[in-house]
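Undergrad:
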Ligand SMILES: Cc1cc2nc3c(=O)[nH]c(=O)nc-3n(C[C@H](O)[C@H](O)[C@H](O)COP(=O)(O)OP(=O)(O)OC[C@H]3O[C@@H](n4cnc5c(N)ncnc54)[C@H](O)[C@@H]3O)c2cc1C
């Protein structure tokens, strides 16, 4: 195995466990991550000069964070770790990377994509004002830099991160003006049998909610976002509550988000087949139970394949490495694979529970006013999208992109792609699966012009 080149993209929980399994089999994998340090999203490391203890940074997950960081440190001499390196393209069996301004091409025998997820955003008028962050962005400010996005913050959206980030802000001493949840209590109750698949996680969720109540934070469920107000920056949030009445909450910053979306652009560039996932309401790469994609010798693990959380990502990383090792001719026991597959089963049930409790609010796309910005990079409004659907006959998102520039900017549709598809589907009167997904294009993120090809 020592002569095989296995590339792993992502040094979060999935990528780290994949690397550990490959090293155990005698492979020296190349581990690439654009971040400054390993750890991924949940176990993101603080800058070296910061001294907060693990418990303060990771809460209940401190032991897991320390274990994962410890594993990575132990692996360091046995892996080729390339930090601050972006994989910007995959073509013809090669990964294209950029470190500083040094471009490289790496031919691989096997490729494991463990690229994680980002926030899922549904626009609301005013969401592009300064002072409005994604929930993930608000958490990164706190976790990485010990900064709050404001001193009187509204958190709005849905999903576990909504409550977790609000709790983390309250605990850190920021004033949380309100938690405005678009999902209903009835949906959470309906989801209980599925959420019970992971009682420990369920208990943590209940704990965060109880702590928010203890801090005196107002939690309103079943809201419909109307607008984020402000002239130069966000100064308030307007929602309609379940009774139809309007509420206005003053604040100096807003965190918004509706769960997560898998980061799938590299899988797309690797020419993996995709299918519409009715649970996640997203197009996802098709894999077998062990993470094998339709493209030979390409594997997917962690939230980049399906958002199942950090514990599942660790198992899926190991499983994907096992699959790659088997395909490359190494011996892997059936017992190891079976155990990992069994470990993942309750995670999938729990995810179904989360999607039931905190469903993606596709319906809000229909209610967006024409002047609301959907694609912030190119400043494309809901009205312009409706017009390319109705007046120019765009039948799917890639045609809508060509006609409107939706998703053509810096973020390449990562922020606006899902909501844009909902606006288009609503305008055309078809299910969202029918308007397809924005195809990934290299470079997946902006590159400097003055790159040099490394020897
Ligand atoms: C912003 C955010 C905050 C979260 N906070 C929590 C939390 O507090 N608690 C919790 O339980 N769960 C949280 N989650 C979910 C949790 O982080 C994930 O379930 C878990 O980290 C998944 O692990 P992973 O290895 O699949 O991906 P990640 O941990 O996301 O790691 C993926 C890695 O891939 C790298 N990468 C991606 N694309 C490229 C590329 N093109 N080139 C190079 N590198 C690339 C990224 O830099 C990243 O380090 C959060 C998720 C997000 C997005």
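In the working numbering, the protein residues as written are 74 to 528.
All C-beta atoms, glycine included, are put in the ideal place defined by N, C-alpha and C.
(1) To test your reading of the DSSP string, which unbroken beta strand (DSSP E) runs of 3 or more residues are found completely within the region 236 to 274?
(2) Whose CA, out of 185, 435, 241, lies closest to the CA of residue 212?
(3) If you drop the 5 nearest sequence neighbours on each side, which residues of the same chain put their C-beta closer than 6 Å to that of residue 135?
(4) Looking at chain B, is there any beta carbon in it that lies within less than 9 Å of the beta carbon of residue 396?
(5) Answer yes if the region 381 to 394 comes into contact with the region 336 to 356, meaning at least three C-beta pairs across the two stretches below 8 Å, and no otherwise.
(6) CA-CA distance, residue 132 and residue 125?
(7) Quick one: residues in its chain with C-beta nearer than 7 Å to the C-beta of residue 336, no 5 flanking neighbours on either side, listed in chain order?
(8) If we ignore side chains and look at the alpha-carbon of each, how far apart do residue 160 and residue 437 end up?
(9) Assuming residue 495 is part of the alpha helix (DSSP H), what are its boundary residues?
(10) In chain order, which continuous runs of the alpha helix (DSSP H) of length 4 or greater are located wholly inside the region 179 to 236?
(11) Please give me, in chain order, every unbroken run of the alpha helix (DSSP H) with length at least 4 that falls completely inside the region 405 to 474.
(12) Which partner residues of residue 355 appear in the DSSP bridge assignment?
(13) Comparing the CB of residue 212 with every heavy atom of ligand 1, is any distance shorter than 8 Å?
(14) Between residue 238 and residue 404, what straight-line distance do the alpha-carbon atoms span, to the nearest angstrom?
(15) Given a threshold of 16 other Cβ atoms within 10 Å of its Cβ, counted over all protein chains shown, does residue 495 qualify as buried or as exposed?
(16) To which residues of the same chain is residue 230 closer than 7 Å at the C-beta, ignoring the five residues directly before and after it?
(17) Find out if the Cβ-Cβ distance for the pair residue 122, residue 85 is shorter than 9 Å.
(18) Can you tell me whether residue 88 is helix, strand or coil according to DSSP?
(19) Taking 8 Å as the line, does the beta carbon of residue 84 fall inside it for any heavy atom of ligand 1?
(20) Identify the continuous beta strand (DSSP E) that holds residue 309 and give its terminal residues.
(21) Quick one: what's got a C-beta closer than 6 Å to residue 275's C-beta in the same chain, skipping five residues either side?
(22) Quick one: residues in its chain with C-beta nearer than 6 Å to the C-beta of residue 118, no 5 flanking neighbours on either side, listed in chain order?
(23) Could you check where the alpha helix (DSSP H) with residue 148 kicks off and where it finishes?
(24) Could you check the C-alpha separation between residue 477 and residue 489 for me, to the nearest Å?
(25) Cβ atoms of residue 322 and residue 258: under 9 Å apart, would you say?
(26) Could you give the distance in angstroms between the alpha-carbon of residue 452 and the alpha-carbon of residue 443?
(27) Regarding residue 443 and ligand 1, is the C-beta to nearest heavy atom distance less than 8 Å?
(28) Following the continuous beta strand (DSSP E) through residue 331, name the residue where it begins and the one where it ends.
(29) In the DSSP output, what is residue 159 paired with across the bridge?
(30) If you compare alpha carbons, which of 93, 197, 88 is closest to residue 434?
(31) Below 8 Å on the Cβ atoms is my guess for residue 293 versus residue 245; work out the distance and round it to an integer in Å.
(32) Return yes when at least one heavy atom of ligand 1 lies under 8 Å from the C-beta of residue 433, else no.
(33) For residue 408 and residue 401, I'd like the C-alpha separation in whole angstroms.
(34) For residue 164, name the three-state secondary structure that DSSP assigns.
(35) Of the choices 357, 388, 340, whose alpha-carbon is the least far from that of residue 44?
TA: The structure says:
(1) 248 to 254
(2) Position 139 of the chain shown holds residue 212. Considering only alpha carbons, the answer is 241.
(3) In the chain shown, residue 135 corresponds to position 62, counting from 1. The residues are 127, 128.
(4) Here there is only one protein chain, and chain B is not present.
(5) no
(6) Sequence index remark: in the chain shown, residue 132 carries index 59 (1-based). Sequence index remark: in the chain shown, residue 125 carries index 52 (1-based). If you take the alpha carbons of residue 132 and residue 125, they lie about 12 Å apart.
(7) The sequence position of residue 336 within the chain shown is 263, counting from 1. 188, 189, 190, 191, 377, listed in sequence order.
(8) Looking up residue 160 in the chain shown gives position 87. Looking up residue 437 in the chain shown gives position 364. So the two alpha carbons sit approximately 34 Å from each other.
(9) Residue mapping note: residue 495 aligns to position 422 of the chain shown, counting from 1. Where residue 495 is concerned, the enclosing alpha helix (DSSP H) stretches over 490 to 501.
(10) 208 to 218
(11) 407 to 430, 437 to 440, 455 to 463
(12) Numbered from 1 along the chain shown, position 282 holds the residue referred to as residue 355. DSSP, once it has assigned bridges, lists 350 as partnering residue 355.
(13) Counting from 1 along the chain shown, the entry for residue 212 is found at position 139. Yes - ligand 1 has a heavy atom lying nearer than 8 Å to the Cβ of residue 212.
(14) Mapped onto the chain shown, residue 238 falls at position 165. Mapped onto the chain shown, residue 404 falls at position 331. Between residue 238 and residue 404, the C-alpha separation is close to 43 Å.
(15) As a working note, residue 495 is residue 422 in the chain shown. When all chains shown are included, residue 495 counts as buried.
(16) As a working mapping, residue 230 is identified with position 157 in the chain shown. These residues qualify, in order along the chain: 208, 255, 329, 330, 331.
(17) Taking the chain shown and counting its residues from 1, the one referred to as residue 122 is at position 49. Taking the chain shown and counting its residues from 1, the one referred to as residue 85 is at position 12. Going by C-beta atoms, residue 122 is not nearer than 9 Å to residue 85.
(18) In the chain shown, the residue the question calls residue 88 occupies position 15. In the structure shown, residue 88 sits in a helix (DSSP, three-state: H, G or I).
(19) Residue mapping note: residue 84 aligns to position 11 of the chain shown, counting from 1. Residue 84: yes, Cβ under 8 Å from ligand 1.
(20) Looking up residue 309 in the chain shown gives position 236. Note, residue 309: beta strand (DSSP E), 309 to 313.
(21) Stepping through the chain shown from its first residue, residue 275 is reached at position 202. Excluding sequence neighbours, residue 275 sits near 268.
(22) What you label residue 118 is simply residue 45 of the chain shown in a count that begins at 1. Hits under 6 Å: 110, 112.
(23) Here residue 148 refers to the residue found at position 75 when the chain shown is read from its first residue. Unbroken alpha helix (DSSP H) run through residue 148: 135 to 148.
(24) In the chain shown, residue 477 corresponds to position 404, counting from 1. In the chain shown, residue 489 corresponds to position 416, counting from 1. Each residue's Cα considered, the two are about 13 Å apart.
(25) For this step, residue 258 is matched to residue 185 along the chain shown. For this step, residue 322 is matched to residue 249 along the chain shown. The answer is no: Cβ separation not under 9 Å.
(26) The count along the chain shown starts at 1 and reaches residue 452 at position 379. The count along the chain shown starts at 1 and reaches residue 443 at position 370. Looking at the two C-alpha atoms, the distance is approximately 13 Å.
(27) For the purposes of this step, residue 443 is identified with residue 370 of the chain shown, where counting begins at 1. Outside the cutoff, so no.
(28) Along the chain shown, read from residue 1 onward, the residue named residue 331 stands at position 258. Residues 326 to 331.
(29) For the purposes of this step, residue 159 is taken as residue 86 along the chain shown, with counting starting at 1. According to DSSP, which records beta bridges pairwise, residue 159 is partnered with 171.
(30) Here the question's residue 434 lines up with position 361 in the chain shown. Comparing Cα-Cα distances from residue 434 to each of 93, 197, 88, the minimum goes to 197.
(31) For this step, residue 293 is matched to residue 220 along the chain shown. For this step, residue 245 is matched to residue 172 along the chain shown. The Cβ separation is near 22 Å, so there is no contact.
(32) Mapped onto the chain shown, residue 433 falls at position 360. No.
(33) To locate residue 408, count along the chain shown from 1; it is residue 335. To locate residue 401, count along the chain shown from 1; it is residue 328. Cα to Cα, residue 408 sits roughly 19 Å from residue 401.
(34) Locating residue 164 in the chain shown gives position 91, counting from the first residue. Looking at residue 164 - three-state DSSP - the assignment turns out to be strand.
(35) The question about residue 44 has no answer, for the chain in this structure spans 74 to 528.
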